[in-house]
DNA sequence: GATTTGTTCGTCCACGGAACGAATTAAATC
DNA sequence: GATTTAATTCGTTCCGTGGACGAACAAATC
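Residue numbers (the numbering used here), protein chains in the order written: chain A, 1 to 404; chain B, 1001 to 1404.
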């Protein structure tokens, strides 16, 4: 027997697993109803899954007419993944299990020495996170690492990550895989944040969205049809290089993009200085504006105009249902509200603009989402073209008490 | 037997059809080798396909050791589709058959009365194209119509199509389906052009590309991972609304986008007038520049700078492997070369920029591509998630003598 | 004779449906 | 209130069928 004839079992198995992940605990009869497969097919598959340790009996139904049913549940720690959010100042790691719970979040300041030190730090944090849940690290099958910068898939290097010295010259993916002993996926952190919001955050209700992260710099995560857009060199969503805000043809705009120069935190501070003559960091400018400082208010207005233009740009190109603002600066309601007011003045179509729901956990949750989807795919769909096991919906996750 | 158990046959059938479409004429033994299915499975399926009239014997192999093989081929006119490119000034229609040949291109000036008159005209042209190939119109299964504007899938109206009066208030899709008696798909013409270039044009070697059409106005077709990006309201690629070029917050920018106002043909002519005081249309400006007119040259420089910024914008957001310039103005080498020179000055990553290979036939070929893919899907994949029959590659099509 | 094509035959996987026993609740009767 | 009966649901066994594969073999050609 070759590929094709076993494929129906594969499909059946996937749809059973998906149903259990979504609806556990659930009886075999219910699975049969949901999947449309016959009861004895379900029984066969359930027997196999139980033998292999993926699921187990957890109880029985009661209280309604008819025979009680045995209910099955995922064995959550049969396989887990590690999710990591590497920032310029701190690293966070978490473990996510097969039932899609995100567990044991640990955190540390980023090792300033960069290079292999950070690789080792990540590996240590992952082990620590696993240990904290009482899990043997061998249960970890995959690590997803969100990084600020553009991972280059061919070489494993991470380009444009100024806060992590040395990562543009070592094969980070290989080093991490080696250090952890499992496959690792390195992905841009803003992309992951978008994936996170799409799973259980502000974008859970739409498959076409863009997340704009505004902090020290500006970045974007683009999703089309529920899939992340990575681009040919993992550089999609580099909104900092949108050619307006400052003169895009000035040579410096090749290093720090035209928009980033005027919309990044430095640019905002500079604008305030130009208007008022005073030096202040972004937080101080927000405070000053709240206290009625004219120039600070003007600075925020100007900033929001640029942000609105950035939103208009992505809306013009990918026409998303929603644009999510995130990052320490992007989530400020002063900005979000200004964008609400300004966007209709420069873009004719309605675009829903919202602040991030997951905040600083976005990238970590996104890493979990990517990792779990990838794990499911590796374990069960096994190369079936187009077949995927959807993650449980935001509604289900809320029900299970996973707060954002 | 229900869905699941028949699925392996479905998959086998799809992969046999794909192989025949790609490699016809081909023997059953070769199909078996290519698909990995066993010889007798292929024989069974071939028998069924022949009975249903999809394929037929066309010859026998000879000249090599061993028994001669019977070769099979698609019955090309067993089912065909109609492809239509509706422009503001003319309508073109073509028939494309199952073997993916695009036949019998007919053309007419667009009926200026708009509305149902244009619907009727399209239907007539489609019938005419079929008749020209000696095909009974009942062979046509599907029509794909490229239109300038944004089709609204919910209502079937076509928004923002100023040259076709009335189409923003009638259900065009339904009217066409009714008039033709077959399902019809209405799609933005620039999107289709992108799809066409991706199939057998300048973008045949990459799955992430953006086509920018520069003519009277400016539009974009975005492909990510080999799929068209339509956006939540079919308005992806509305590059005219990129917020630079003119002041995006001027109220008029809500009607004609900021970039379109300065990069559309009117904007170019206006720029020339401002610089030189002379009135000229775009073609005359190109001619004047060729004759050494300083202001005309300056106008083109300015235009190319804006175009380069538009390219930079899409490159920053979706990071395509290639940007294809098309449209009567966009393909001019004077512009393409200037963009080649200017883009590296305002965008740090390499992006391949090329002129369209299909020219004015792009949308028509794209419509054929969309239609054929959809027809294949309807006939054989029949709702199998993720399964697709790929169109024959550009190389195969070239071999068959389909010139761009 | 070597090689390739295409058919026939037997086998095996996998799904579905019917029938049935088991387990439980709801209703009816004593 | 206790007991019997009906209804319902769960899960298994058994059998039929679709469909793929491999082996063997006939046919056709160099």
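Where is the CB? At the ideal position from N, CA and C, for every residue including glycine.
What is the DSSP secondary structure of residue i, counted as helix, strand or coil?
i, result
"residue 243 of chain A", "coil"
"residue 1299 of chain B", "helix"
"residue 1169 of chain B", "coil"
"residue 232 of chain A", "coil"
"residue 1392 of chain B", "coil"
"residue 1223 of chain B", "strand"
"residue 213 of chain A", "strand"
"residue 1361 of chain B", "helix"
"residue 1404 of chain B", "At residue 1404 of chain B the pLDDT is 42, less than 50, meaning the model places this residue with poor confidence and gives no usable figure here."
"residue 354 of chain A", "strand"
"residue 1251 of chain B", "helix"
"residue 322 of chain A", "strand"
"residue 73 of chain A", "strand"
"residue 1204 of chain B", "coil"
"residue 150 of chain A", "strand"
What do you reckon, are the CB atoms on residue i and residue j nearer than 8 Å?
i, j, result
"residue 1122 of chain B", "residue 1176 of chain B", "yes"
"residue 1290 of chain B", "residue 1282 of chain B", "no"
"residue 1264 of chain B", "residue 1216 of chain B", "yes"
"residue 171 of chain A", "residue 156 of chain A", "yes"
"residue 235 of chain A", "residue 1349 of chain B", "yes"
"residue 1210 of chain B", "residue 1220 of chain B", "yes"
"residue 1146 of chain B", "residue 1189 of chain B", "yes"
"residue 100 of chain A", "residue 1249 of chain B", "no"
"residue 356 of chain A", "residue 201 of chain A", "yes"
"residue 1174 of chain B", "residue 1168 of chain B", "no"
"residue 334 of chain A", "residue 286 of chain A", "yes"
"residue 1158 of chain B", "residue 1083 of chain B", "no"
"residue 1261 of chain B", "residue 1237 of chain B", "no"
"residue 1148 of chain B", "residue 1088 of chain B", "yes"
If you follow the alpha helix (DSSP H) that residue i is part of, which residue opens it and which one closes it?
i, result
"residue 1384 of chain B", "Premise fails: residue 1384 of chain B is in no alpha helix (DSSP H) and is neither H nor E."
"residue 270 of chain A", "265 to 276"
"residue 1124 of chain B", "1115 to 1132"
"residue 334 of chain A", "333 to 346"
"residue 1033 of chain B", "1028 to 1035"
"residue 164 of chain A", "No alpha helix (DSSP H) holds residue 164 of chain A; DSSP gives it neither H nor E."
"residue 289 of chain A", "282 to 290"
Beta strand (DSSP E) containing residue i: first to last residue?
i, result
"residue 1187 of chain B", "1183 to 1188"
"residue 1096 of chain B", "1090 to 1097"
"residue 1141 of chain B", "1140 to 1147"
"residue 104 of chain A", "102 to 109"
"residue 1328 of chain B", "Segment 1327 to 1330 is the alpha helix (DSSP H) holding residue 1328 of chain B; no beta strand (DSSP E) there."
"residue 81 of chain A", "80 to 86"
Is the closest heavy atom of the ligand MN to the C-beta of residue i under 7 Å?
i, result
"residue 1243 of chain B", "Annotation note on the ligand MN: not contained in the displayed structure, which lists no ligands."
- Message: Which runs of the beta strand (DSSP E) at least 3 residues long sit entirely within the segment 41 to 69 of chain A? Give them in chain order.
- Response: 55 to 60
- Item | Residues in the segment 309 to 326 of chain A having any Cβ partner in chain B nearer than 7 Å | 309, 312, 313, 314, 316, 317, 318, 319, 320, 321
- Taking a cut of 7 Å between CB atoms, which residues from the segment 1245 to 1271 of chain B lie near chain A? 1248, 1249, 1253, 1254
- Using a beta-carbon distance cut-off of less than 8 Å, what residues from the segment 1346 to 1359 of chain B approach chain A? 1346, 1347, 1348, 1349
- Query: Which residues, in order along the segment 1006 to 1018 of chain B, keep a beta-carbon less than 7 Å from a beta-carbon of chain A?
  - Reply: For the segment 1006 to 1018 of chain B, the beta-carbon criterion of a distance under 7 Å to any beta-carbon of chain A is satisfied by 1007, 1008, 1011, 1012.
- Message: So if I threshold CB-CB distances at 8 Å, which residues from the segment 1219 to 1238 of chain B count as touching chain A?
- Response: 1220, 1222, 1224, 1225, 1227, 1229, 1230, 1231, 1232, 1233, 1234, 1235, 1236, 1237, 1238
- Which of the residues in the segment 1284 to 1302 of chain B, read from start to end, lie with their CB under 8 Å from any CB of chain A? none
- Task: Below 9 Å between beta carbons is the criterion; list the residues of the segment 1176 to 1208 of chain B that meet it against any residue of chain A, in chain order.
- Result: Listed in sequence order: 1206, 1207, 1208.
- Proximal residues, the segment 1376 to 1399 of chain B versus chain A, C-beta separation under 7 Å: 1385, 1386, 1387
- Query: When Cβ atoms are compared, which residues of the segment 136 to 150 of chain A fall closer than 7 Å to chain B?
  - Reply: none
- Task: Check distances from the C-beta atoms of the segment 92 to 112 of chain A to those of chain B and list, in chain order, the residues that come in under 8 Å.
- Result: none
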